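Everything below concerns the one structure shown next.
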Amino acid sequence: MAFAMNIWLQHLPVLPIVVPLFAGAALLLFTESHRRLRGAIAVIATLAQLAIAITLLSMTTDAVSSIWPNGIGVYAIGSWPAPFGIVLVVDRLSALMLTLVAALALAALVYSLARWERVGVHYHSLFQFLLMGLNGAFLTGDLFNLFVFFEVLLAASYGLLLHGSGVTRVKSGLHYIVVNLVASLLFLIGAAMIYGVTGTLNMADLAVRIAVLTAADRGLFDAGAAILGVAFLVKAGSWPLNFWLPSAYSAAGAPVAAVFSIMTKVGVYAVLRIGSLLALSNAPAPFAGQWLLVVGLATIVFGGAGMLSANQLSRLIGFAVIVSSGTVLAAVGLDAERLTAPALFYLLTSALATGAFFMLTGMTERTRMQVSEVADAAPLPPVTYNAFESEEPPRAPDDEVGIAIPAAMAFLGLAFIFCVVLVTGLPPLSGFLAKFALLSTAIGAPGEVSVATWMLVAALLATGLAGLIALARIGMRLFWSPTQRMTPRLRVIEAGPVAFLILLCVGATIGAGPLMTYLDAAARTLHAPRTYVDAVLAPESVGALIETGAGR
Amino acid sequence: MEIVFALAIGVLSGSGVWLLLRPRTFQVVMGLALLSYAVNLFIFGMGRLAVGRPPIINADNAVDPALYADPVPQALVLTAIVIGFATTALLLVVLLAARGLTGTDHVDGREPD
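Structure (structure tokens):
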């Protein structure tokens, strides 16, 4: 029994990829008329991913250290040993990101069951494939495999962004797709150059081989790494590569935008992961230090200015996503060793808060519209349904079914205030704690407080203020303006997910102590790349373990 | 051979970037296609250029790596071609939808004033 359990635990790292893959494929088999069944499958698959992610999270702590030494689990796909086969690596950081994705996805999925899944075809399949790409990108230990998972998540995101169709979505979707395709080409050039110089794509092997490069090869490698870094920064939405982001995110449907708020974090994660491994042999520049700090600061300033200029709530939150990416990048650029843990705390709460905020926007927009106008999605041309062999054309969303929650306006107002407090980093919620931890650690660094630190402090405080002003302005217009507005009927499955995400942030506020302990350990693991390399390249990785386990 | 190969990549990517910066959606798609050809050739070139070397080891001959081409970039190119093909097809559909919905083939969805 214990042995069977052990086998399951050893295969756990691959499940976050396999579960959404099969769920998404299975969902393709059911036509649009089996709505309840499809919804049930999608929710069960996402719940399973959340359970798996939480299990992985607990396995990376010292609690179950007997299975994974140092909290790093390595899964060799097909039992091919590390530098030759593709490995999946779970450490505290990736387990944390997996949990974040699953929690956010569950909320967005439940929210979309109310209306959004019905405005187009194959919503649930695309959603699961997006999760597969996200999970895979957080797990993989291979550079080219990272590219493949990026493409999986991007391909799904193209479909999801266009979900519901309409002029705005198609227009901003076109920009989004073109920019991301160019970024993918840059990714390929960078990965190919790195392979050409080092002869390996395994990240751990790469970290070892950089040290033995000749000076000429080193120049080529740094160029390749820089191109790779640019590709990651496009995904992270950093200035000046982010002009597509606010219009794309505000055009997307509310639940889709909510999941998208984690997508920029994939770029940030890739910068952190590759940067920490490259740091093993002292460099190269694009992933750390001054460059990243300057780019991050410019991103924060751009995002803050954008928040002030935005006159539409969803667009404003798009800029808040940019600010959150910029903050993490600037913090890592300033002092990666000390600031990673508070930056991760910030990343966590800002991703949850912007996700909740996007979904809230979908509901507040209805206060100013008639129910018939709510379906801002222009119906697709009939040919689309024929192409997908859909039996009935999806109806425009309506408010016929479901249990409405009482005091809808009070809920909207309260949720709005919570989201504002979280996004701008006001006390008492976790947004404040994260910013405070970040700033106090930055200022508390030994030695004189540098100009760069003061710039980060000023940028963070100024964007907090800018965000507050902009959000207060929009909030007054939304809730206090004397013009005609209608009280929307909010269903439990719409309001619930928003409340769930806000409660998660409240939970992060109350449990900030244990959470910071975990994040500190995650940052320490990240900045001890030697343990990562040893774990991946060790001869007794999982494949060998299974063999010895079978003999027992 | 290296010079011809490098020139081909250079011409393809130069034309690709130029087309990518043009205002019409069809030009952008063509630019992306040319760029992806250039990138595919580039990945292939990263396995070093050689003539008459198989990528699969023949057990009858001596197993000397110098006799064989590097199979990894070839596999990578295959993946990149498939992904690039699929995303270009998707982009074409979006392009047609944008043309139909906005009535113009300008990338911003409206004619410049």
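Line order of the protein sequences matches chains L and F.
Here my numbering = 1-based position in the first sequence + 850.
Here my numbering = 1-based position in the second sequence + 486.
Glycine is no exception: its CB is placed at the ideal position from the N, C-alpha and C atoms.
Since we're looking at a predicted model, the values are computed, not measured.
When Cβ atoms are compared, which residues of the region 492-509 of chain F fall closer than 8 angstroms to chain L?
-> Leu-506
Pull up the distance between the alpha-carbon of L/Val-1145 and that of L/Tyr-1196, whole angstroms please.
-> Here residue 1145 of chain L corresponds to residue number 295 of the first sequence, with the count starting at 1. Here residue 1196 of chain L corresponds to residue number 346 of the first sequence, with the count starting at 1. Roughly 18 angstroms separates the two Cα atoms.
Quick one: what's got a C-beta closer than 8 angstroms to F/Leu-577's C-beta in the same chain, skipping five residues either side?
-> Sequence index remark: in the second sequence, residue 577 of chain F carries index 91 (1-based). Answer for F/Leu-577: Val-515, Leu-518, listed in chain order.
Give the residues from the region 1109-1122 of chain L that approach chain F closer than 8 angstroms (Cβ to any Cβ), ordered along the chain.
-> none
Short Cβ contact (8 angstroms threshold) for L/Leu-1083 with L/Ala-1180 | Residue numbering aside, residue 1083 of chain L sits at position 233 when the first sequence is read from its first letter. Residue numbering aside, residue 1180 of chain L sits at position 330 when the first sequence is read from its first letter. In this structure, L/Ala-1180 does not lie closer than 8 angstroms to L/Leu-1083 by Cβ.
Name the residues in the region 523-551 of chain F whose C-beta lies less than 9 angstroms from a C-beta of chain L; which are they?
-> Closer than 9 angstroms at the C-beta level to chain L, one finds these residues of the region 523-551 of chain F: Ala-524, Val-525, Asn-526, Phe-528, Ile-529, Phe-530, Gly-531, Met-532, Gly-533, Arg-534.
Would you check if the distance between the CB atom of L/Ser-1111 and the CB atom of L/Ala-1006 is smaller than 8 angstroms?
-> Within the first sequence, the letter at position 261 stands for residue 1111 of chain L. Within the first sequence, the letter at position 156 stands for residue 1006 of chain L. Not in contact: L/Ser-1111 and L/Ala-1006 (Cβ atoms no closer than 8 angstroms).
So F/Val-525 packs on F/Ala-494, CB below 8 angstroms; how close in whole Å?
-> The residue you call residue 525 of chain F lines up with position 39 of the second sequence. The residue you call residue 494 of chain F lines up with position 8 of the second sequence. So it is not a contact: roughly 12 angstroms between Cβ atoms.
CB contact flag (L/Thr-1313, L/Gly-1069, <8 angstroms) = As a position in the first sequence, residue 1313 of chain L is number 463, starting the count at 1. As a position in the first sequence, residue 1069 of chain L is number 219, starting the count at 1. Not closer than 8 angstroms, so no.
Roughly how many angstroms lie between the CA atoms of L/Ala-1385 and F/Val-558, to the nearest whole one?
-> On the first sequence, residue 1385 of chain L is found 535 positions in, with the first residue counted as 1. On the second sequence, residue 558 of chain F is found 72 positions in, with the first residue counted as 1. So the alpha carbons of these two residues sit roughly 24 angstroms apart.
Hey, could you find the ends of the alpha helix (DSSP H) L/Tyr-1045 is sitting in?
-> Position 195 of the first sequence, counting from 1, holds the residue named residue 1045 of chain L. That run of the alpha helix (DSSP H) goes 1017-1048.
Thinking C-alpha only, which one of F/His-592, F/Asp-591, F/Leu-587 is nearest L/Thr-1018?
-> Position 168 of the first sequence holds residue 1018 of chain L. Looking at the Cα atoms, F/Leu-587 is the closest of the given residues.
Rounded C-alpha distance that separates F/Leu-562 from L/Phe-994 = Translated into the one-based positions of the second sequence, residue 562 of chain F becomes position 76. Translated into the one-based positions of the first sequence, residue 994 of chain L becomes position 144. Their backbone Cα atoms lie some 8 angstroms apart in a straight line.
Does the beta carbon of F/Leu-587 come closer than 8 angstroms to any beta carbon on chain A?
-> Of the chains in the structure shown, none is chain A; the protein chains are L and F.
Could you name the residues of chain L that F/Ile-478 contacts, counting a contact when the two beta carbons are closer than 7 angstroms?
-> In the structure as shown, chain F starts at 487 and stops at 599, and residue 478 of chain F therefore has no counterpart that could be examined.
Ordered along the chain, which non-local residues of its own chain (more than five positions away) have a Cβ less than 6 angstroms from that of L/Val-1080?
-> Working through the first sequence from its first residue, we reach residue 1080 of chain L at position 230. Within the same chain, L/Val-1080 has close Cβ partners Leu-1036.
Roughly how many angstroms lie between the CA atoms of F/Ala-575 and L/His-1025, to the nearest whole one?
-> By one-based count along the second sequence, residue 575 of chain F stands at place 89. By one-based count along the first sequence, residue 1025 of chain L stands at place 175. Each residue's Cα considered, the two are about 15 angstroms apart.
If we ignore side chains and look at the alpha-carbon of each, how far apart do L/Trp-966 and L/Gly-1212 end up?
-> Position 116 of the first sequence, counted from the start, is the residue given in the question as residue 966 of chain L. Position 362 of the first sequence, counted from the start, is the residue given in the question as residue 1212 of chain L. Each residue's Cα considered, the two are about 10 angstroms apart.
So L/Asn-985 and L/Pro-1090 are in contact, right, with Cβ under 8 angstroms, and what is the actual spacing, rounded?
-> The count along the first sequence starts at 1 and reaches residue 985 of chain L at position 135. The count along the first sequence starts at 1 and reaches residue 1090 of chain L at position 240. 30 angstroms between Cβ atoms; not a contact.
Spell out a yes or no on whether the region 929-941 of chain L and the region 894-901 of chain L are touching, meaning 3 or more CB-CB pairs, one atom from each, closer than 8 angstroms.
-> no
Under 8 angstroms between the Cβ atoms of L/Thr-1381 and L/Ile-922?
-> Here residue 1381 of chain L is taken as the residue at index 531 of the first sequence, counted from 1. Here residue 922 of chain L is taken as the residue at index 72 of the first sequence, counted from 1. Yes, the Cβ-Cβ distance between L/Thr-1381 and L/Ile-922 is below 8 angstroms.
Let me know the secondary structure DSSP gives L/Gly-1183 once reduced to three states.
-> Translated into the one-based positions of the first sequence, residue 1183 of chain L becomes position 333. L/Gly-1183 falls in the helix class under three-state DSSP.
Determine the direct distance from the alpha carbon of L/Ser-1280 to that of F/Phe-571, and round the result to whole angstroms.
-> Position 85 of the second sequence holds residue 571 of chain F. Position 430 of the first sequence holds residue 1280 of chain L. Spanning the two alpha carbons is a distance of roughly 44 angstroms.
L/Asn-1052, DSSP secondary structure in three states = As a first step, residue 1052 of chain L is located in the first sequence; it is residue number 202 there, counting from the start. Looking at L/Asn-1052 - three-state DSSP - the assignment turns out to be strand.
Could you list which residues in chain F have their beta carbon closer than 7 angstroms to that of L/Lys-1021, in chain order?
-> In the first sequence, counting from the first residue as 1, residue 1021 of chain L sits at position 171. By Cβ distance, chain F contributes Ala-584, Thr-588, Gly-595.
Exposure label - F/Trp-504; buried when at least 16 CB within 10 Å | Start at 1 with the first residue of the second sequence, and residue 504 of chain F comes out as number 18. F/Trp-504 is exposed by the Cβ-count criterion.
Could you tell me whether any Cβ in chain L is nearer than 8 angstroms to the Cβ of F/Ala-566?
-> By one-based count along the second sequence, residue 566 of chain F stands at place 80. Yes, contact with chain L.
L/Ala-900 to F/Leu-564, Cα distance in whole Å?
-> As a first step, residue 900 of chain L is located in the first sequence; it is residue number 50 there, counting from the start. As a first step, residue 564 of chain F is located in the second sequence; it is residue number 78 there, counting from the start. Rather than Ala, the amino acid found at residue 900 of chain L in this sequence is Leu. So the two alpha carbons sit approximately 34 angstroms from each other.
For L/Tyr-1008, which residues from the same chain have a beta carbon less than 6 angstroms from its beta carbon, with the 5 sequence-adjacent residues on both sides left out?
-> In the first sequence, residue 1008 of chain L corresponds to position 158, counting from 1. Ile-1027.
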